[in-house]
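One structure below.
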RNA sequence: GGAGGGGUGGCCGAGUGGUUGAAGGCGUCCCGCUUGAAACGGGAUGACCGCAAGGUCCGUGGGUUCGAAUCCUACCCCCUCCGCCA
């Protein structure tokens, strides 16, 4: 949520910021409701003041055995008036709140302006895309041939966009999870968390999934709990409604969880393979920082996520998302995109990676991690504050989250990048300790 | 699932329908004493809205009342015992 006071005082800036994100709306509605609310409030507060002093007077008279009937009669009328005004104020509050809850965050000034992903700006590339001297195959072909994954059986017991991993495939998944958790906890200073996978509506509202994006979530029928679409939700909400004492920040958490997404509106997109599933594993990074430290934390978190790909020897690039491509809660986002030989250059992404050419298909970069600074947007919704110094007034924390990284996409990136002409897959050095030293996955 | 108990400030904990935003304690901060520290003494110490005056907040919502932390009601959450269970 945006700061109502800031919105009131910077209407033009806010409208411009929203416009750059593709949200065109006038704040007229908000300003009117806000003004009405403040008028009503000052009126009702005056009445309440009178009621308070009169109540005191009644008490005094009664104690002295004097009559208070007249005053009481007068107050009865006042009480009705107050009740009515209170209701009107509440109406305004709800209106204002509903309006603000539907607004996305404002982009940071450093974010490039643009309408869609073609305006994203590449920051850097690491690693050379491999040149294959044989026809490189997509991961679903490699995986099925090696008996690592099974979409058919998954669909039979579940639905499309689910998968069963078996044997070395399941093990590779587990190895990746452990590798990432160990890296972030041992070397990057994150505290490991294993949170609930079902959360209530308040938590979803805190991070911004609700009220606007309910159609993306799986929801339980009888309890009103939602399955998390990312660990960002429970982990960011870890400190909801808290005031963190001085010296607590920054807090850095890493969580491995499954994630569940309806993928409504993605029909026909990425239908083959592991890229887009209803259920997938992710290692998520979350930081809570002081308000003046969040942008250095964003850079650090991006480096922490990049380290995963570097250790795995996967080529990638980092892009900064333009205003039009930002997520709802984010003020600034870096995407890390891994190079996949199976990806064809979609029109949206062309121009920046067409030079990465494999033996078959052109190959392309595909998102494997997204790292965002939400500033105080989520903290305001989830009411997460801190005290900068023992006697200082409280402030909202800044929240950041980023994948460190998406496990399923790392899994398929390894299959595609480490495939051999004979159909086997080499295991990156960094993962071998997690695979009992196994160097290669071959035909069983 | 059955029976009972309870939700008050950063924490513990009092609270008769009328100076209780809330005693007392702990913690924290400032001052004094001290070479320093501890101990001790004094003072301060919630959040939200508001320029301020002032208003709001005792799990949440509704109700009774001139007036509710205190009475009624619905809901949520926590705890204990029994049953069941990974």
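Numbering (the working numbering), first residue to last: 1 to 444. Yeah, the Cβ is synthetic: ideal placement off N, Cα and C, and Gly gets one too.
Can you list, in chain order, the residues of its chain whose CB lies under 7 Å from that of residue i, leaving out five sequence neighbours each side?
i, result
"residue 167", "147, 148, 444"
"residue 169", "143, 148, 149"
"residue 251", "287, 288"
"residue 58", "68, 71, 72"
"residue 178", "434"
"residue 421", "134"
"residue 175", "431, 434, 435"
In this structure, how does DSSP classify residue i when only helix, strand and coil are distinguished?
i, result
"residue 101", "helix"
"residue 150", "strand"
"residue 46", "helix"
"residue 58", "helix"
"residue 212", "coil"
"residue 223", "coil"
"residue 117", "helix"
"residue 261", "coil"
"residue 228", "coil"
Hey, out of the options, whose CA is closest to residue i's CA?
i, options, result
"residue 209", "189, 224, 230", "230"
"residue 411", "323, 423, 309", "309"
"residue 122", "337, 272, 434", "337"
"residue 98", "62, 139, 34", "34"
"residue 258", "187, 297, 163", "163"
"residue 260", "276, 253, 271, 389", "276"
"residue 96", "267, 366, 29, 190", "29"
Using the beta-carbon count (16 or more within 10 Å), is residue i buried or exposed?
i, result
"residue 227", "buried"
"residue 13", "exposed"
"residue 393", "exposed"
"residue 235", "buried"
"residue 305", "buried"
"residue 160", "exposed"
"residue 353", "In this prediction, residue 353 has a pLDDT of 40, which is less than 50 and means its spatial position is unreliable; nothing more can be read from the coordinates."
"residue 375", "buried"
"residue 65", "exposed"
"residue 335", "buried"
"residue 129", "buried"
"residue 132", "buried"
"residue 46", "exposed"
"residue 389", "exposed"
Grab me the residues of residue i's own chain with a C-beta within less than 6 Å of its C-beta, minus the 5 sequence neighbours each way, in chain order.
i, result
"residue 291", "395, 398"
"residue 80", "none"
What residues in its chain sit with their C-beta under 8 Å from that of residue i, if we drop five residues either side in the sequence?
i, result
"residue 348", "Low per-residue confidence applies at residue 348: pLDDT is 44, beneath 50, and the placement is therefore not dependable, though the value from the model is reported in the following sentence. Closer than 8 Å at Cβ, skipping near neighbours: 116, 117, 118."
"residue 86", "44"
"residue 346", "Low confidence applies to residue 346: its pLDDT is 48, below 50, so where it sits in the model is not reliable, and the reading given next is rough at best. 364, listed in sequence order."
Is residue i a contact residue of the ligand COA, with contact defined as CB to any heavy atom under 8 Å?
i, result
"residue 165", "With respect to the ligand COA, the structure shown offers nothing to examine, as it has no ligands at all."
Task: Whole beta strand (DSSP E) elements within the region 363-406, 3-residue minimum - done: 364-373, 384-386, 398-406
Open item on the list: Which runs of the beta strand (DSSP E) at least 3 residues long sit entirely within the region 264-327? Give them in chain order.
Closed with: 279-289, 316-320
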